[in-house]
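Participant:
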Amino acid sequence: MTQTIGAAHPNPPTVPTIENITRKQRRFEKPQRSQRITAAWLIAPAAVLGITFVLIPIALTFALAFTNAKLVSPQGPQFVGIDNFTRLFGDPVFWKSLRNTVLFAIFVVPIQAGLALALALLINVKVKGVNFFRTVYFLPVVTSMVVISMLWLFMYRQDGLINQLLAQLGITGPDWLGNPTTALASILFMSVWQGVGFHMVIWLSGLQTISQDMYEASAIDGATNWQQFRYITWPALRQTRTFILVTITISAFSLFTQVQVMTQGGPLDSTSTLVFLAVRAGYQQQQTGYAAAISLIFFLLVLSVSLVQRYLTRDKDVKK
Amino acid sequence: MVTHTLKRLAAVSLAAALALSLAACGKGGNTSSDSGTDANGTATIKMWTHNAGNEAELGAINAVVADYNASQAKYKVEVQAFPQDSYNTSVTAAASSKSLPCILDIDGPNVPNWAWAGYLAPLTGLDETLAKFLPSTVGTYDDKPYAAGFYDVALAMYARKSVLEQNNIRIPTIDQPWTGDEFNAALATLKATGKWANPLDMATANTGEWWPYAYSPFLQSFGGDLIDRTTYESADGVLNGAAALKWATWFRGLVDQGYMAAKSGTDAGADFLNDKSAIVWNGSWGAEAARAKLGDDIAFLPPPDFGNGPKIGGGSWQWGVSATCNNTEGAMDYLKFSLQDKYVAAVADATGTIPATDAAAALVKGYEAGGANDIFRQFSKKYAEVRPQTPGYPFIATTFTKAAQDILNGADPQGALDQAVSDIDANQKSNNNFQ
Chain U
1 MTQTIGAAHP NPPTVPTIEN ITRKQRRFEK PQRSQRITAA WLIAPAAVLG
51 ITFVLIPIAL TFALAFTNAK LVSPQGPQFV GIDNFTRLFG DPVFWKSLRN
101 TVLFAIFVVP IQAGLALALA LLINVKVKGV NFFRTVYFLP VVTSMVVISM
151 LWLFMYRQDG LINQLLAQLG ITGPDWLGNP TTALASILFM SVWQGVGFHM
201 VIWLSGLQTI SQDMYEASAI DGATNWQQFR YITWPALRQT RTFILVTITI
251 SAFSLFTQVQ VMTQGGPLDS TSTLVFLAVR AGYQQQQTGY AAAISLIFFL
301 LVLSVSLVQR YLTRDKDVKK
Chain D
321 MVTHTLKRLA AVSLAAALAL SLAACGKGGN TSSDSGTDAN GTATIKMWTH
371 NAGNEAELGA INAVVADYNA SQAKYKVEVQ AFPQDSYNTS VTAAASSKSL
421 PCILDIDGPN VPNWAWAGYL APLTGLDETL AKFLPSTVGT YDDKPYAAGF
471 YDVALAMYAR KSVLEQNNIR IPTIDQPWTG DEFNAALATL KATGKWANPL
521 DMATANTGEW WPYAYSPFLQ SFGGDLIDRT TYESADGVLN GAAALKWATW
571 FRGLVDQGYM AAKSGTDAGA DFLNDKSAIV WNGSWGAEAA RAKLGDDIAF
621 LPPPDFGNGP KIGGGSWQWG VSATCNNTEG AMDYLKFSLQ DKYVAAVADA
671 TGTIPATDAA AALVKGYEAG GANDIFRQFS KKYAEVRPQT PGYPFIATTF
721 TKAAQDILNG ADPQGALDQA VSDIDANQKS NNNFQ
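Those protein sequence lines, which keep their order, are chains U and D.
Positions 1 to 320 (the numbering used here) are the ones given, in order, by the first sequence.
Positions 321 to 755 (the numbering used here) are the ones given, in order, by the second sequence.
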């Protein structure tokens, strides 16, 4: 504070000015304290909500995972140690769900991020009517996932739109969601279609922060389009890239709505995911403790993947 | 200047928050005083129902309540309707905060679960009334009645008489239903005509409770069951025994032979009416539409007998009294009043369902003896099997659903059934068999 004031007064302070400063300082301190109180008030709603709906539930999940808590029961929860985890690790459906969840994330992240970038590059041009395409690509994002799942459910049917189109080309399409080999891929495809618009907008915002001068300068140096992308666009998008990587990964891991609406984990567990398993165990089967154990595993999975990603995408330049 | 604004902003938000919480408290205060007694000595009894989305049913229930409130001055029943989707959650939440209403309705298969959990009190002083009700409309647990419903629904095989006659297929009757072999032969004949890609439609696209409700009766007809009903401790031998395996093989065979699609269309009833299938496994709720479209040609057939008699599922929404009710006497009084034949008839009539008592059936058009819908009532009376009366039922239902879906999708039947049995047994055991 003194520094700031000193900077505002380049001349050496005389005694009266010192008095002035201290009075000023005092006046500054008072508002500062009340500002802190104000800040506390402003943060209070968010903090209360965060504690009630995020921190407490997470703590509860940790605690409940080691009990036999039931959704409907005359007895309270009892501590059962790691029984839930023993059961969970012995359940073949859990391993299939874990595999599906990881597979889904592995494929969705590059496909969705890549496609979104391609779309963003396409619409990052100053051409008439580009806003129309921006809107069209963004439309699925603002539509409810349940609605989209219902629509694709019809399109994926044996006699649905997709197979009708394929039939025009002389191809007999499979029962996309009824076949264990195609079900997860079908859900993956529609999920990418739904989410790609959102990440396109993020990429676009990143693209628009890149100064046009750099492109002009490189053009004068005779850079090709690919070189411009490789040496200007791609490095400049590093922050955006990290953000997109982390958000897609987390949302891919929490795959649930599509599965719940379209396949209920079937056929033969080929689309069962960890979140779906947790919801099924916790609500339909009333096993709160067991569901908490699944959620705990899920939490650890997402946390560790995020930490690894953070480490890999850390700001290496800062250290120099 | 900025700080000043911030201060004022903070003060205003604080005031707003206070006002809101005060309003909330005020509201809370009102609600709690509702359940008390007013100046005239009339006690208010709260009643919850799941049918906010079903105007016909809610209207009928409201009429019963209005009649009851007008009939005496001691109690006043107050209805609160919930959408069906969030009803069970609301009840579970209310139970954990000890704020259940006095009277509530319950889906039949949930009655043992809620009775065991201490949500419900056994019905008292109603034995005489309940004796006249269809057994599937009374929810019992531990040999005590906990809930009673105005109605039930029944499933039947819908077919066109003309189609069966053209293909020389015997039209089964309630006294002489198809045998399993006859049914399979009929499907083979219908498939051979080439007129339908899949002659049979079992509405396999439906989800949730439909699976145990619609398909476990076939399992029971084969001689299997969801759990051993003598002890309710294990499903071993009944859900994975020889009879169950025969059921599973048959069920999967329907798909393998092309008699039925592994996943049907979204509206099986409509597909049948549009002649996309020859036989559909549908509920009594579809009868009006079928009759309107096909007239006399429609036949409501009993399910086939696979050795243990034809079976259908029983048990729909029923009414009970909560264990935490502070005015049990009044709640029982209302239930007794509401279960009169004329109200049973009124509710069944409004909802197009099967009236629970003989006397009420005589009052509802179509359900009188010899009426057009009487056949469903006879199915209910003769074939209905309630779902296992164990608090573990919700778990059994989802486990059975998964096993049946896996079997239809080509899983090894014995393996799927064994897995289901071990899951069900583990759950029963982890709850100390709900003792």
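All C-beta atoms in this analysis are idealised placements derived from N, C-alpha and C, irrespective of residue type, glycine included.
No experiment lies behind these values; they were computed from the predicted model shown.
I'd like to know whether the C-beta atoms of residue 195/U and residue 138/U end up nearer to each other than 8 Å.
Facilitator: No, the pair does not count as a contact, with Cβ atoms beyond the cut-off.
Participant: Give me the Cβ distance between residue 703/D and residue 631/D, rounded to the nearest whole Å; I'm assuming they're in contact under 8 Å.
Facilitator: 5 Å
Participant: Which of the three DSSP states, helix, strand or coil, is assigned to residue 520/D?
Facilitator: strand
Participant: On the CB-based measure, 16 or more other CB atoms within 10 Å of its CB, does residue 267/U come out buried or exposed?
Facilitator: buried
Participant: Quick one: what's got a C-beta closer than 8 Å to residue 209/U's C-beta in the same chain, skipping five residues either side?
Facilitator: Spatial neighbours of residue 209/U in its own chain (CB-CB distance under 8 Å, excluding positions within 5 residues in sequence) are listed in chain order as 236.
Participant: CA-CA distance, residue 250/U and residue 290/U?
Facilitator: 22 Å
Participant: Per DSSP, residue 666/D is paired with what?
Facilitator: Paired residue(s): none; residue 666/D is not in a bridge.
Participant: Which word fits residue 490/D, buried or exposed, when buried means at least 16 other C-beta atoms lie within 10 angstroms of its C-beta?
Facilitator: exposed
Participant: For residue 552/D versus residue 710/D, is the C-beta spacing smaller than 8 Å?
Facilitator: Yes. Within cutoff.
Participant: Is any non-hydrogen atom of the ligand ATP found closer than 7 Å to the C-beta of residue 42/U, if you look at the structure I gave you?
Facilitator: In the structure on display, the ligand ATP does not appear, and there are no ligands present to speak of.
Participant: Is the shortest distance between the beta-carbon of residue 72/U and the beta-carbons of chain D less than 8 Å?
Facilitator: yes
Participant: Can you give me the C-alpha to C-alpha distance between residue 629/D and residue 389/D, rounded to a whole angstrom?
Facilitator: Whole-angstrom Cα-Cα distance: 45 Å.
Participant: Where DSSP assigns a beta bridge to residue 472/D, which residues make up the other side?
Facilitator: DSSP output for residue 472/D lists 674/D as bridge partner(s).
Participant: To the nearest angstrom, report how far apart residue 399/D and residue 440/D are at their CA atoms.
Facilitator: 18 Å
Participant: Quick one: is residue 594/D buried, meaning 16 or more other Cβ sit within 10 Å of its Cβ, or exposed?
Facilitator: exposed
Participant: Return the bridge partner residues of residue 654/D from the DSSP annotation.
Facilitator: Answer by DSSP bridge pairing: none, since residue 654/D is not bridged.
Participant: Is the CB of residue 280/U under 8 Å away from at least one CB in chain D?
Facilitator: yes
Participant: On the premise that residue 737/D lies in contact with residue 564/D, defined as a C-beta separation below 8 Å, what is that separation, rounded to the nearest angstrom?
Facilitator: 6 Å
Participant: Roughly how many angstroms separate the alpha carbons of residue 692/D and residue 686/D, rounded to a whole number?
Facilitator: 5 Å
Participant: To be precise: take each residue of the segment 199-214 of chain U, compare its Cβ to all Cβ atoms of chain D, and keep it if any distance is under 7 Å. Which residues remain?
Facilitator: Result list empty, no residue passes.
Participant: Quick one: is residue 619/D buried, meaning 16 or more other Cβ sit within 10 Å of its Cβ, or exposed?
Facilitator: buried
Participant: Say whether the segment 118-134 of chain U touches the segment 217-224 of chain U, bearing in mind that this needs 3 or more beta-carbon pairs closer than 8 Å, one atom from each stretch.
Facilitator: no
Participant: Pull up the distance between the alpha-carbon of residue 128/U and that of residue 120/U, whole angstroms please.
Facilitator: 16 Å
Participant: Flag this pair as yes or no: are the beta carbons of residue 557/D and residue 627/D separated by less than 8 Å?
Facilitator: no
Participant: Check whether chain U comes within 8 Å of residue 362/D, counting only Cβ atoms and requiring the distance to be less than that.
Facilitator: no
Participant: If the cut is a Cβ gap below 8 Å, which residues of chain U does residue 527/D touch?
Facilitator: 264
Participant: Measuring CB atoms only, is the segment 503-520 of chain D touching the segment 605-614 of chain D, in the sense that at least three cross pairs come out at less than 8 Å?
Facilitator: Under the 8 Å Cβ criterion, the segment 503-520 of chain D does not count as touching the segment 605-614 of chain D, having fewer than three qualifying pairs.
Participant: I'd like to check one pair, residue 207/U with residue 313/U: are the Cβ atoms closer than 8 Å?
Facilitator: no
Participant: What are the boundary residues of the beta strand (DSSP E) that residue 620/D is part of?
Facilitator: 618-621
Participant: Compare the beta carbon distance of residue 461/D and residue 435/D with 8 Å and say whether it is the shorter of the two.
Facilitator: yes
Participant: Among all the DSSP beta bridges, which residues are the ones paired with residue 398/D?
Facilitator: 366/D
Participant: Please give the ranges of any alpha helix (DSSP H) in the segment 370-439 of chain D, keeping only runs that are unbroken, at least 4 residues long and fully inside the region.
Facilitator: 375-391, 404-416, 431-436
Participant: Of all Cβ atoms in chain D, is any one closer than 8 Å to the Cβ of residue 268/U?
Facilitator: Interface criterion met: the Cβ of residue 268/U is under 8 Å from a Cβ in chain D.
Participant: Checking contacts by CB at 8 Å: is residue 434/D closer than that to chain U?
Facilitator: yes
Participant: State the beta-bridge partners of residue 580/D as determined by DSSP.
Facilitator: DSSP links residue 580/D through a beta bridge to 520/D.
Participant: What first and last residue would you give for the beta strand (DSSP E) that runs through residue 553/D?
Facilitator: Taken as a continuous stretch (DSSP letters only), residue 553/D belongs to no beta strand (DSSP E), as it is neither H nor E.
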